[in-house]
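Structure first, then comments.
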DNA sequence: GGTTGTTGTAATCGAATGATTACTTAAAGG
DNA sequence: CCTTTAAGTAATCATTCGATTACAACAACC
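Protein chains in written order, with our numbering: chain U, 123 to 365; chain E, 123 to 365.
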C-alpha cells in the first residue's frame, strides 16, 4: 500500500542526441513481469477504490498510485469495472482467509494464549470464543484500511449490476462462513456482522481522525474497538501523514 | 419519491407561428414557487444520491427526476456538493426526528399498545424498551430507502472534506441522541447503531431482491428485520417495478 | 544480428458532466 | 397595457475520463 511515487516528469522527451548527458529520469517504469505488475496494480486499486469508491475513482489515479501509465492499467484489465471486480475479489478473499485461519488455529489448539485475554463474561463455548477471536482478526484488518473499505464501497455500489451481484454473493459467503464454519447461531452471526458494519462505518467517516478533539467520538471508538483502538489510531495517523 | 416523468421532448421548439395548432408539450415545467421547487429537487436528489452515491450521480439525473432542467438545479443550489449536503441534512434531520418522536410518545405513555408486542425477553426498563421501539422506527424508514441510503452514501464519501465533516457530525449526533435522550449505555447504544449499519448494508446490496432465490439471504433477512421484513420486501418489489 | 514477443508510454478521441450565459415566458403590480 | 420580477430553458463551454491507437524500447531466442 505504501508503494511509491517515483519517476513522472513526463516532459522528459526524446533528448534526440544520445550524447553523454545522462538521459535522466526515463519516463518509463521499471520493466517487471506482467503477473507481478498485475499484483501491484491491484494493490494500488484497492487503496484508491477504498478511499474514493467506484464512481469516484479514476483509472489514472490507480495508475499513478501503481507508478505506471493509465493506458497500461486499462489494457491489463480491460475496463475499470473489471479492475474493481478483481480488487473486490481479492479483498473478499483476504477476509475469508483471515477468518478461516483463526478457526483453523483455534481448532488446532494453537490459541491457548490468546484465549486467556478474552472477556471471560461471554461464555467458553467454541462459537462464543471464535466470535471474539474473529472480531479481533477483523479489527486487525482495519489496520490495512484498504480491504474493509473496499468491501464497504462495493456494498453501496449495488446499483451497478455486476458489482451489486458480486457484493451480494460476497456478503452471503461471509455470513455462511461465520454460521457454518465457526458454528454461530444465525442471531449471533447477525450480531457479529453488525459489529463489523459499525466498524466499517466508523472507519469510513474517519472518526479516528477526530479522536483527540471530540469526547463523544472518543467514547464511541473505545467502546467499539476496545483493545484494538491504539492500533487503529496509529494507523490513522500514519495514513494522514501519507496523505 | 415517485414523482413524475412528464414533459420532456425538448425539440418542442418555438413553433413561431401562434396558429391554432396547439403548442403541444411545452418544454417547460409548470411554474411553481422556488421554495416548493426546492423541496421537490431535494426529494429527487435524495433518491438519486441514495441510489448512486455522490460521485456516481449527476445533476442532470437529479433534474430529470425532479422534472426540470439541469441548469435550474445547479443555479438553485450553486454546486452539486451543496445540493448533496442539503439533502444529507434533510435525511439526517428526518432520522433524528423519527427517534425523538418515539421517545416523546413513549414518555407520554402513548405506546402502551406497541409495548405489548415487544420481545418480553429484553427487559422492561426505559432504555431497553426505547431501544426496541427505535429499532422499529428505523426499520420503518427503510421503506423509504432514500433516507437511510443517503446517510450511508455520505458515510463512505469521507474523502470529500465537506461531506466527511458533515457525516462525522451527523453520526455523532445520532449516537448522542440514543445515549443521552433515550438513555442507553454506551455499549447498548453501540449495539443499536451496529444493527442499524447492518440493515443499511443489507439494503445497500439489495439483498431483498434475491430473498426468494437464496435461502441464506432469506435467513439473514428474517433474522435481521424480523416483523418488518414483509414491509421491506414489499417496498423492494415496488421499487423494482418503478425502476 | 536480426526477428519476435513483452512491457511500457505518448497522443488522442469521444462521450459525459458541472457550470455559465443568455434568452424566454408567465405572473404580479401599478 | 406595460413594466418588472420570478421561474425556467436552450445552448454551449471547459474539463475530465475511460478507452483506443500507434509507437518505443527492452529482452529473448535462434
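Beta carbons: idealized from backbone N, C-alpha and C, even for Gly. Note that the structure is a prediction, hence the values are computed from the model and not measured.
Go to residue i, then tell me how far its alpha helix (DSSP H) extends in each direction, as first and last residue.
| i | result |
| --- | --- |
| residue 333(E) | First-last for residue 333(E): undefined, no H or E at that position. |
| residue 211(E) | 202-229 |
| residue 248(E) | 248-264 |
| residue 170(E) | 156-178 |
| residue 288(U) | 283-298 |
| residue 197(U) | 192-199 |
| residue 280(U) | It is not in any alpha helix (DSSP H) - residue 280(U) carries neither H nor E in the DSSP assignment. |
| residue 184(U) | 181-188 |
| residue 237(E) | 234-238 |
| residue 316(E) | 308-326 |
| residue 352(E) | 351-364 |
Cβ atoms of residue j and residue i: under 8 angstroms apart, would you say?
| i | j | result |
| --- | --- | --- |
| residue 362(E) | residue 331(E) | yes |
| residue 206(E) | residue 176(E) | yes |
| residue 208(E) | residue 164(E) | yes |
| residue 254(U) | residue 270(U) | no |
| residue 345(E) | residue 344(U) | no |
| residue 259(E) | residue 221(E) | yes |
| residue 252(U) | residue 304(U) | yes |
| residue 157(E) | residue 190(E) | no |
If I'm right that residue i touches residue j with Cβ under 8 angstroms, what's the distance once you round it to whole angstroms?
| i | j | result |
| --- | --- | --- |
| residue 312(U) | residue 237(E) | Not really, about 24 angstroms apart at Cβ, beyond 8 angstroms. |
| residue 307(U) | residue 218(U) | So it is not a contact: roughly 20 angstroms between Cβ atoms. |
| residue 278(E) | residue 275(U) | 6 angstroms |
| residue 447(E) | residue 294(U) | For chain E, the structure presents residues 123 to 365; residue 447(E) sits outside this window and is missing. |
| residue 250(E) | residue 244(E) | 5 angstroms |
| residue 357(E) | residue 267(E) | 7 angstroms |
| residue 329(U) | residue 261(U) | That pair is no contact at about 14 angstroms. |
| residue 162(E) | residue 188(E) | 5 angstroms |
| residue 264(U) | residue 325(U) | 6 angstroms |
| residue 281(U) | residue 174(E) | 5 angstroms |
Would you call the stretch 348-355 of chain E and the stretch 318-325 of chain U touching, i.e. three or more CB-CB distances under 8 angstroms?
-> no
Counting Cβ pairs closer than 8 angstroms, one from the stretch 183-193 of chain U and one from the stretch 280-289 of chain E, do we hit at least three?
-> no
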